[in-house]
Amino acid sequence: MARTEDAKVRITHPERVIYPEKGITKQQVADYYAAVMDAFLPGVTGRPTSVLRCPEGRGSACFFQKHEIAGLKRVATVPMEEVSGARDEYLCPDSPDAVLELVQFGSLEFHPWGALARDPGHATFVVFDLDPGPNVTWTDVVAGARAVRKVLAGMGLMSFVRLTGGKGVHVVAPLCPPCPWDAVKPFAQGIARSLAAQWPDRFVAVASKRERAGMIFIDYLRNSRGATSVASYSLRAREGAPVAMPLRWDELGRAGAASAFDMSKSMRRLARQRSHPWEGWDDVRQGLPPIA
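Going by UniProt numbering, 79 is the number at position 79 of the sequence shown; the sequence numbering is gapless.
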């Protein structure tokens, strides 16, 4: 466990209130990331990572940043090719000090790529973001996530689940060896469309808000080069300081909401946790099966 007092990063304006509804300060945000660092860091290490910066707090202007930030001294960057063909330096935090320096620069959320910087053309996982529309209950979200899991299991794919800290959940299947994006995105799209066709009263596979009332949008669009998804244990810039929390499948129903874990609950959970809820992830060896 890292400690901010041991780190080389100085947190300026530590008293600044970042989450006004709870009075959570910038120093407390830094202390949170230091406390969960051992669990958090593996999710971003080696990956180009976008951060959501809220320098004056979550209630003020926030913006995503993926490129090099002037003044950073401890955050690694990696040259990555843009869609246009141009190259730019992308943030790639790989140490506790790097994470804390980004917090010092106002970062609250961390969103890594689904690929490693050394192999950006291949995904190390496929992720399904279940985004519930209005009037969708938590019971419906849980049933939806379990349905995705069942379909993947029927294709021989082991999957894991994460509360997003927002409204929904991520169902994530590791890919080892990594798979090319031009195979991963069509696979994810095919699964989403198949589920929407099989359960048209539960799922939609299109982003139109008009079609999402009472439905769960299966967002497969995070499965492409340069797309990101929130890191496990990342804070969210939402009321109450919720955290993106990985769970065991048998915990999902009891969670009650995608925002069930705030900063303090997350730290207590980690303090008593004997094993990672995604235990076995690193041992999985699976690739993409063909989809009809």
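For glycine and all other residues, C-beta sits at the position ideal for the given N, C-alpha and C.
All of these numbers come straight from a predicted model, not from anything done at the bench.
Query, Result
"Keeping to the same chain, check which residues put their C-beta closer than 6 Å to that of N223; ignore five residues upstream and five downstream.", "V126, V184, K185 and A188"
"Between R87 and the rest of its own chain, which residues show a CB-CB distance below 6 Å, the 5 nearest in sequence each way excluded?", "P79 and E81"
"Give the DSSP bridge partners of Q286, in chain order.", "C176"
"How is the beta strand (DSSP E) around L247 delimited, first residue to last?", "M245 to L247"
"Expressed to the nearest angstrom, what Euclidean distance is found between the alpha-carbon atoms of E89 and R162?", "29 Å"
"With V161 as the anchor, note down where its beta strand (DSSP E) starts and where it stops.", "F160 to L163"
"Since I69 and A241 are thought to touch, with beta carbons under 8 Å apart, how far apart are those beta carbons, to the nearest angstrom?", "Not confirmed; about 23 Å, so no contact."
"Would you grab the beta carbon distance between L270 and A39 for me? Rounded to a whole angstrom, and I think it's under 8 Å.", "6 Å"
"Y19 by DSSP, collapsed to three states: which one?", "strand"
"Is it right to say G46 is buried, meaning 16 or more other beta carbons lie within 10 angstroms of its own, or is it exposed?", "buried"
"Going by C-alpha distance, which of P20, G168 and A35 is nearest F217?", "G168"
"Taking buried to mean at least 16 other C-beta atoms within 10 Å of its own C-beta, is R26 buried or exposed?", "It is worth fixing the name first, because residue 26 is Lys in this sequence and not Arg. Flag for K26 reads buried."
"Would the stretch 97-108 count as touching the stretch 191-199 if we require 3 or more Cβ pairs under 8 Å?", "no"
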